[in-house]
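Read through the structure below, which is laid out as C-alpha cells, and then see the notes.
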C-alpha cells in the first residue's frame, strides 16, 4: 500500500481513575480498554505499548465504565475526542494522563494506484495543518455542546439563590 503524508495528527491521552493518576506511569502491568474493531488504537498499542494487555468493549462508553470499575486501568483517547467524553469522565471520576504518543492519520491506496495516490498526496499537501485542526475542533465540539441542564448544574448556587428569592 502507498500512504500519503499525514493529513492530521493527534495526541493520545490515557483516561485513568483520578486516584491513580500519580501512580499510572509507574505501573508494571497495564490493562487498556479498547473499542472493538478500532484498528488505529490497536496499531498504536502494538508499537508504543506492546506490554499492555487489551480488553475489548463495544464502545467508548463501556470502556470508560470498565476503567471506573477497575476492570481496566485506562482507555486511550484522541485529544480531539476528549470533549465528547469529558462529562462522562467527570461523572465517573476519571481524568487524563498524557502518553507522549502522537498519532498521525494518513490516507492509503493500493500499490499500483499511482494516479489516485498522486491526487490524494497533492490534496493533502495543499491543505494547511491549521485548517484541518480548526475543522476537527469545530465539528467535534459541535458533538459536545452543553445542554441547559449542564448549565444549571455548573451554576447551581446562583440558581438556588434566585429560586429561594422568588
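Residue numbers (our numbering): 338 to 503.
Glycine included, each C-beta is placed from N, C-alpha and C at the ideal position.
* To do: For residue 450, write down the residues that DSSP places opposite it in a beta bridge.
  => In the DSSP output, where bridge partners are listed per residue, residue 450 has none listed.
* Asked: Count the other CB atoms within 10 Å of the CB of residue 406; is the residue buried (16 or more) or exposed (fewer)?
  -> It is exposed - the Cβ of residue 406 has fewer than 16 other Cβ atoms within 10 Å.
* Asked: Does the region 381-398 come close enough to the region 428-446 that 3 or more CB-CB pairs lie under 8 Å?
  -> Counting C-beta pairs with one atom in each stretch, the region 428-446 and the region 381-398 have three or more that are closer than 8 Å, which means they touch.
* Which listed residue (464, 344, 352, 444) has its alpha carbon closest to that of residue 415 -> Looking at the Cα atoms, 352 is the closest of the given residues.
* **C-alpha gap between residue 434 and residue 412, whole angstroms** => Taken atom to atom, the span from the alpha-carbon of residue 434 to that of residue 412 is near 10 Å.
* Asked: Which residue or residues does DSSP assign as beta-bridge partners of residue 575?
  -> Because residue 575 is not part of the residues shown, which for the chain are 338 to 503, the question remains open.
* Contact belief for residue 338 with residue 447 at Cβ below 8 Å, rounded distance in angstroms -> The Cβ separation is near 6 Å, so the contact holds.
* In angstroms, rounded to a whole number, what distance separates the CA positions of residue 431 and residue 467? -> Near 30 Å, if we compare the C-alpha coordinates of residue 467 and residue 431.
* Using alpha carbons as the reference points, say which of 348, 347, 367 lies closest to residue 408. => Comparing Cα positions, the closest option is 367.
* Can you name the start and end residues of the alpha helix (DSSP H) that residue 354 belongs to? -> Note, residue 354: premise wrong, no alpha helix (DSSP H); beta strand (DSSP E) at 345-354.
* Taking all protein chains shown into account, do 16 or more other C-beta atoms lie within 10 angstroms of the C-beta of residue 401, making it buried, or fewer, making it exposed? -> Classification of residue 401: buried, given that the 10 Å Cβ count is 16 or more.
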